[in-house]
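Student:
Residue numbers (the working numbering), protein chains in the order written: chain A, 1 to 224; chain B, 225 to 446.
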């Protein structure tokens, strides 16, 4: 069972080790850039959705609804072919980050909007009563409370984004799925290799969801 | 920046293919949702029942599916099943199988929270008027749970519909696949992807609107 001969599973993994490890790093890197950019942009858009003047609100609302109504795969193709068509040379990696990041931002915006609106009006009124202006009110009163509400759905979104990075294999980013496909094309060990890849994703995402579940329990006392 | 000349005639010429793709995607989503509901319901009851050995296999199934990329599952089922000696599934059947398993895991979570959030008084009241266990489930627990979970179910339908775009990876001729082909044949990049996006958006909105009417009709009783 634990043989490293050519033609056994472990042997084939050993042969493909550099490709697979690079691919794993790419997957992690993609997820990182997507989640960070999506979260920052999404938080900003979420605040705009609640507090901005109506033209901005309308604009962001349209953006969010359009992004949420289109499959990620279509967005990816749109960016990938669209940018190339304008002779803007962006690698598949970065056009993928932009496409999925934009998608992530839309989801985050909705989450942040919901969290902010779920903070009781009394908090804002109390902050106003002690003379806080808009920015400190948001920064010291509303956002710290909203952040705790955001955590569980944020983790869900993060898991979805890690899963969405596999779609970039279709436009040729060599992440874990594509590297696995390449290895399978060489040795035809379909079941073993795909199960191994699935296990890797499972480990990443299950860890994320457990962290989310922990934080959810941790902040469960925050009930109004 | 180059001046881009829009040419929509390509789209009109291929409109049939686009609409066929859209209809196929909707069909795949609905079938998978219905089958997934059956699996999800069974799994939810298995997890809430007092039978311990049913609990962890179902837990493993749900967590595995929910934490693995759908594209990986699609490719695994499509290429892996024949190697395990299961032949005779064409690409559409294999995709429906995958999406059903995927939907089942999500529906299991939905129904499980639905069962958990159901006030216990309903069960007690049903017991008090002398319904048998089967009747309690059939006439009290299930209808109330469906009402509670209806919004979550309709959200799942929409996201399943969007997930059917992944079937393009195994050449199921749904909307994304069609768009990709028309794109490759004609290179009318913007027209093609704008059309695909608009069709997806319109379909999602129509589904969302329709389901909101259903939700209003059968609003959850609290």
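Don't be surprised by glycine CBs; every beta carbon is placed ideally from N, CA and C.
Between residue 423 of chain B and residue 399 of chain B, which are expected to be in contact by the criterion C-beta below 8 Å, what is the C-beta distance as a whole number of angstroms?
Tutor: Numbered from its first residue, the second chain carries residue 423 of chain B at position 199. Numbered from its first residue, the second chain carries residue 399 of chain B at position 175. About 6 Å separates the two Cβ atoms, so the contact holds.
Student: For residue 213 of chain A, decide whether its Cβ has a neighbour in chain B, counting only Cβ atoms nearer than 8 Å.
Tutor: Position 213 of the first chain holds residue 213 of chain A. Residue 213 of chain A does not count as touching chain B.
Student: If I follow the unbroken alpha helix (DSSP H) through residue 115 of chain A, where does it start and stop?
Tutor: If you number the first chain from 1, residue 115 of chain A lands on position 115. Where residue 115 of chain A is concerned, the enclosing alpha helix (DSSP H) stretches over 92-118.
Student: Assign residue 12 of chain A to buried or exposed, taking buried as 16 or more other Cβ atoms, counted over all protein chains shown, within 10 Å of its Cβ.
Tutor: Position 12 of the first chain holds residue 12 of chain A. Label assigned to residue 12 of chain A: buried.
Student: So the candidates are A/15, A/24 and A/3; which of them puts its Cα closest to the Cα of residue 162 of chain A?
Tutor: The residue labelled residue 162 of chain A in the question sits at position 162 within the first chain. Residue A/24 is the option with its Cα nearest to residue 162 of chain A.
Student: Is residue 157 of chain A near residue 111 of chain A, with beta carbons less than 8 Å apart?
Tutor: Here residue 157 of chain A refers to the residue found at position 157 when the first chain is read from its first residue. Here residue 111 of chain A refers to the residue found at position 111 when the first chain is read from its first residue. Going by C-beta atoms, residue 157 of chain A is nearer than 8 Å to residue 111 of chain A.
Student: Just verifying my parser: in three-state terms, what is the DSSP assignment at residue 163 of chain A?
Tutor: Counted from its first residue, the first chain places residue 163 of chain A at position 163. The answer is helix: DSSP assigns residue 163 of chain A an H, G or I state.
Student: By the 10 Å Cβ neighbour count, where 16 or more other Cβ atoms means buried, how is residue 348 of chain B classified, buried or exposed?
Tutor: The residue labelled residue 348 of chain B in the question sits at position 124 within the second chain. Counting Cβ neighbours within 10 Å, residue 348 of chain B comes out exposed, since fewer than 16 surround it.
Student: Which stretch, first to last residue, makes up the alpha helix (DSSP H) that contains residue 378 of chain B?
Tutor: Here residue 378 of chain B is taken as the residue at index 154 of the second chain, counted from 1. Its alpha helix (DSSP H) spans residues 366-387.
Student: Assess, as a yes-or-no matter, whether the stretch 392-410 of chain B is touched by the stretch 247-260 of chain B under the definition of 3 or more beta carbon pairs within less than 8 Å.
Tutor: yes
Student: In chain B, which residues lie with their C-beta within 7 Å of the C-beta of residue 70 of chain A?
Tutor: Start at 1 with the first residue of the first chain, and residue 70 of chain A comes out as number 70. Within chain B, the residues near residue 70 of chain A are 421, 424 and 425.
Student: Could you check which residue in B/432, B/336 and B/403 has the C-alpha nearest to that of residue 418 of chain B?
Tutor: Numbered from its first residue, the second chain carries residue 418 of chain B at position 194. Measuring from the Cα of residue 418 of chain B, the nearest candidate turns out to be B/403.
Student: Just checking, does the stretch 374-394 of chain B make contact with the stretch 68-77 of chain A on the three C-beta pairs under 8 Å criterion?
Tutor: yes
Student: In chain A, what lies closer than 7 Å to residue 407 of chain B by C-beta?
Tutor: Position 183 of the second chain holds residue 407 of chain B. Here the neighbours are 81.
Student: Do residue 105 of chain A and residue 76 of chain A have their beta-carbon atoms positioned less than 8 Å apart in this structure?
Tutor: Residue mapping note: residue 76 of chain A aligns to position 76 of the first chain, counting from 1. Residue mapping note: residue 105 of chain A aligns to position 105 of the first chain, counting from 1. No, these two residues do not count as a Cβ contact at 8 Å.
Student: If you draw a straight line from the alpha carbon of residue 197 of chain A to that of residue 291 of chain B, how long is it in whole angstroms?
Tutor: As a first step, residue 197 of chain A is located in the first chain; it is residue number 197 there, counting from the start. As a first step, residue 291 of chain B is located in the second chain; it is residue number 67 there, counting from the start. The alpha-carbon atoms of residue 197 of chain A and residue 291 of chain B are separated by roughly 12 Å.
Student: Quick check: residue 320 of chain B and residue 256 of chain B, are their CB atoms within less than 8 Å of each other?
Tutor: Mapped onto the second chain, residue 320 of chain B falls at position 96. Mapped onto the second chain, residue 256 of chain B falls at position 32. Yes, Cβ-Cβ distance for residue 320 of chain B and residue 256 of chain B is below 8 Å.
Student: Can you find a C-beta in chain A that's less than 8 Å from the C-beta of residue 293 of chain B?
Tutor: Residue numbering aside, residue 293 of chain B sits at position 69 when the second chain is read from its first letter. Yes, contact with chain A.
Student: If you draw a straight line from the alpha carbon of residue 146 of chain A to that of residue 66 of chain A, how long is it in whole angstroms?
Tutor: Locating residue 146 of chain A in the first chain gives position 146, where the first residue counts as 1. Locating residue 66 of chain A in the first chain gives position 66, where the first residue counts as 1. Approximately 25 Å, taken between the alpha carbons.
Student: Which chain A residues are close to residue 417 of chain B, counting only those with a beta carbon under 8 Å from its beta carbon?
Tutor: Reading the second chain from its first residue, position 193 is the one you call residue 417 of chain B. Chain A residues near residue 417 of chain B: 74, 77, 78, 81 and 82.
Student: For the stretch 152-182 of chain A, enumerate the residues whose C-beta is nearer than 9 Å to any C-beta of chain B, in chain order.
Tutor: 159, 162, 163, 164, 165, 166, 167, 169, 170, 176, 177, 180 and 181
Student: Got a sec, what are the start and stop residues for the alpha helix (DSSP H) residue 331 of chain B sits in?
Tutor: Here residue 331 of chain B refers to the residue found at position 107 of the second chain. Taken as a continuous stretch (DSSP letters only), the alpha helix (DSSP H) holding residue 331 of chain B covers 315-340.
Student: With a CB to CB cut of under 6 Å and the five nearest residues on each side skipped, what residues in its chain are close to residue 183 of chain A?
Tutor: The residue you call residue 183 of chain A lines up with position 183 of the first chain. Result list for residue 183 of chain A: 16 and 193, in chain order.
Student: Where do the N-terminal and C-terminal ends of the alpha helix (DSSP H) with residue 196 of chain A fall, by residue?
Tutor: The residue given as residue 196 of chain A occupies position 196 in the first chain. Unbroken alpha helix (DSSP H) run through residue 196 of chain A: 190-218.
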